[in-house]
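Trainee:
There are 2 protein chains.
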Amino acid sequence: MAGKTSDLLFRRVALIGIGLIGSSLSHVIRRDGLAEHIAVAARSQQTLDKAMELGLADSATLDAGQAVADADLIVLCAPLGAYAGIAAAIGPALKPGAIVSDVGSVKEAVIRDVGPHLPAGVHLVPAHPVAGTEHSGPEAGFPELFQGRWCILTPTAGTDALAIDRVKMLWERAGMLIEMMDAKHHDQVLALTSHLPHLIAYTIVGTATDLEEHLQQEVIKYSAGGFRDFTRIAASDPVMWRDVFLNNREAVLEMLGRFSEDLTAVQRAIRRGEGDTLHEIFSRARELRRGVIAAKQA
Amino acid sequence: MAGKTSDLLFRRVALIGIGLIGSSLSHVIRRDGLAEHIAVAARSQQTLDKAMELGLADSATLDAGQAVADADLIVLCAPLGAYAGIAAAIGPALKPGAIVSDVGSVKEAVIRDVGPHLPAGVHLVPAHPVAGTEHSGPEAGFPELFQGRWCILTPTAGTDALAIDRVKMLWERAGMLIEMMDAKHHDQVLALTSHLPHLIAYTIVGTATDLEEHLQQEVIKYSAGGFRDFTRIAASDPVMWRDVFLNNREAVLEMLGRFSEDLTAVQRAIRRGEGDTLHEIFSRARELRRGVIAAKQA
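Chains A and B supply the protein sequences, listed in that same order. With numbering that gives the first Met the number 0, letter number 292 in the first sequence gets 291, and the count goes up by one each step, no holes. With numbering that gives the first Met the number 0, letter number 113 in the second sequence gets 112, and the count goes up by one each step, no holes.
1) Give a yes or no on whether the minimum CB-CB distance between B/Ala1 and chain A is below 9 Å.
2) Is the separation between the beta-carbon of B/Pro118 and that of B/Leu93 shorter than 9 Å?
3) Using a cut-off of 7 Å between C-beta atoms, extract the partners of B/Asp186 located in chain A.
4) Note down, in chain order, every chain B residue with its Cβ under 9 Å from the Cβ of A/Tyr82.
5) Kindly indicate which three-state DSSP category A/Ser135 falls into: helix, strand or coil?
6) Could you pull the DSSP bridge partners for A/Cys150 from this structure?
7) Considering just the uninterrupted stretch of the beta strand (DSSP E) at A/Glu35, what are its terminal residues?
8) Taking the CB atoms as reference points, tell me whether B/Asp112 and A/Gly205 lie closer together than 9 Å.
9) Tell me the start and end of each unbroken beta strand (DSSP E) in the region 18 to 83 of chain A that is at least 3 residues and wholly inside, in chain order.
10) Since I believe B/Leu198 is in contact with B/Cys255 (beta carbons under 8 Å), could you give me their beta-carbon distance rounded to a whole number of angstroms?
11) Using a C-beta cutoff of 9 Å, does A/Lys183 count as contacting chain B?
12) Mind checking whether B/Leu79 and B/Asp242 have CB atoms under 9 Å apart?
13) With 9 Å as the threshold, decide whether the Cβ of B/Arg111 is near any Cβ in chain A.
14) Give the interface partners of A/Ser23 over in chain B, defined as CB-CB distance under 7 Å, in chain order.
15) Could you tell me the distance, in whole angstroms, from the CA atom of A/Glu35 to the CA atom of A/Thr158?
16) Express the C-alpha separation of A/Leu55 and A/Pro137 in angstroms, rounding to a whole number.
17) So, does the region 120 to 128 of chain B touch the region 26 to 40 of chain B, judging by three or more C-beta pairs under 8 Å?
18) For A/Gly96, which residues from the same chain have a beta carbon less than 8 Å from its beta carbon, with the 5 sequence-adjacent residues on both sides left out?
19) Going along chain B, which residues have a C-beta under 7 Å from A/Lys106?
20) Could you please give me the residues that DSSP links to B/Ile269 through a beta bridge?
21) When the Cα of B/Val99 is compared with those of B/Leu169, B/Met175, B/Ile177, which residue comes out closest?
22) Quick one: give me the first and last residue of the beta strand (DSSP E) that B/Leu14 is part of.
23) Compare the Cα-Cα distances from B/Leu61 to each of B/Tyr201, B/Ala77, B/Gln44, B/Ala50 and report the closest residue.
24) Along the chain, where does the alpha helix (DSSP H) containing B/Val305 start, and where does it finish?
25) Would you verify that the beta carbon of A/Thr192 is, or is not, closer than 9 Å to some beta carbon of chain B?
26) Out of curiosity, what's the CA-to-CA distance linking A/Met0 and A/Leu152?
27) Could one say the Cβ of B/Pro237 lies closer than 9 Å to chain A's Cβ atoms, at least one of them?
28) Just to confirm the assignment, what range does the alpha helix (DSSP H) spanning B/Asp101 have?
29) From what residue to what residue does the alpha helix (DSSP H) around A/Pro196 run?
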């Protein structure tokens, strides 16, 4: 399954977890011949069978320690809450010079949970490819998922520059733009651009699920008025998102606090019938949309 | 521009306002030859010129009263806040037997603002085609906008059944499914499925616009993590939405109150690190998404 030798970035890659991101990354590695061997570890045999069936793995195992043996690059593609356990399991099996990376949506937690388990001579390069869909599982992946999106790397000071470069090259080959960032800053920015939107979408859909059954059916029926977009976001993997909120608590609560204040102001404007205030808020929001379009992230 | 005589539903249709919905409706009428003449009224000559240029109008005027003269069907496609003024202007010019309808997202307000200005023998059939995009203006329209979506009619008791049927047939030709509903009930259901999602999207995008400039640029850059979907919704016409909130105040505040309570509960679960609570809320939300997909409204 390998490509031309010149395309090879790694001899052996281990993907720990093979959901939407892991499987999409596997597709990229296959497409461009970036590795000779992809070893996949997952928690269920069913997932492993599916991964093999889809050609996402050259070898598949329930034992993460076994998957990482002799691997040059290990990418954690599991929910954040599983990182500490995975790191403890793979730590002793990592070969010197191996690079450990991940795809998690929170980055300080990675340094906290994974770092202590890595032996000397193993390089930790946390990464966050900012891309996704509402679908999950190994069948959900596709190689174009990352195209034109940003990948944020958050290595700590003193991390081996060559190791960082290798991870950078991997995501560049996936079509991503690369940004380096401090882990704490990453977590603050993403709290607003990703975590808060998901939290709000989950909450409003939750509000609807509390309605009486007949009203709930109507909400579904007439969801094309805006609600359906929230249901799409709220269809994302519940375990992954639970772990995001538990692992980026402070930043999420901070952004949630700002949002709640703003919501209260809007609520007051509606109650008082202050049309000008509403119009101004809505017009400014439209401006920011233009920025998103200009940045080609629409 | 007329179709076969058998396709004709109305001889002369007047569209008061020619934004996203008005222009899309005009496209449908053209495509299927549903009227002999489309008269368009708008508040600016520029909009009228554009409407003529796009072939959306057979005649165009700044004077709504002139547009409705001799019209069989008049459809208000302007922001809700303009309804009372438009109704006062067109009332005296309406011919006996004419049908006045609209496309507004709030329905009790239509009965309140338009009803009193209509002479005896004119039929009021409020309608809400639940469809849209984030784009506005006469260039934004396209005939497939309504396909497979619901159109809710909210005539008051005693409204002429034939008039209701004519409006129903119009939207059926546009590809819509028809539902009849009490105006008050409509306003409650749509407060959750449409008004609250827009309000929340506007608010969270507003929260981002309050950030320091450099952080705001990062929010735009990494918006693919969820935020961009909110910016799309928040790109909708600010005047139209201001008027929705001012005209459906009670129902929106009621739904906003429920949402705020739920948000507080989620906030508490995050602060306390209650993963099970979060997982349960997120999983239920995913279920509702399945309902939306099953109802073909995704």
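Cβ atoms here follow ideal geometry from the backbone N, Cα and C, with glycine treated the same way. Computed from a predicted model, the values in this text were never measured in an experiment.
Mentor: Result, derived from the coordinates:
1) The pLDDT assigned to B/Ala1 is 46, lower than 50, so where the model puts this residue is not dependable; a value taken from the coordinates is nonetheless given after this. Not an interface residue.
2) yes
3) Per Cβ cutoff of 7 Å: no residues; B/Asp186 is ~12 Å from chain A at best.
4) The contacting residues do not exist; A/Tyr82 stays about 15 Å from chain B at best.
5) coil
6) A/Pro128, A/Ile177
7) 34 to 40
8) no
9) 34 to 40, 58 to 60, 72 to 75
10) It should be pointed out that residue 255 of chain B corresponds to Leu in this sequence rather than to Cys. About 7 Å; that satisfies the 8 Å criterion.
11) no
12) yes
13) no
14) Going along chain B, no residue has its Cβ under 7 Å from A/Ser23, so there is no contact; the nearest lies around 14 Å.
15) 26 Å
16) 8 Å
17) no
18) Asp71, Gly120, Val121, His122
19) Those within 7 Å of A/Lys106 in chain B number zero; the least Cβ separation is about 12 Å.
20) Beta-bridge pairing links B/Ile269 to no other residue.
21) B/Leu169
22) 9 to 15
23) B/Gln44
24) Missing from the structure shown is residue 305 of chain B; chain B here goes from 0 to 297 and no further.
25) yes
26) Note on A/Met0: pLDDT 45, under 50, position unreliable in the model; no value is reported.
27) yes
28) Taken as a continuous stretch (DSSP letters only), B/Asp101 belongs to no alpha helix (DSSP H), being part of the beta strand (DSSP E) at 98 to 101.
29) 195 to 208
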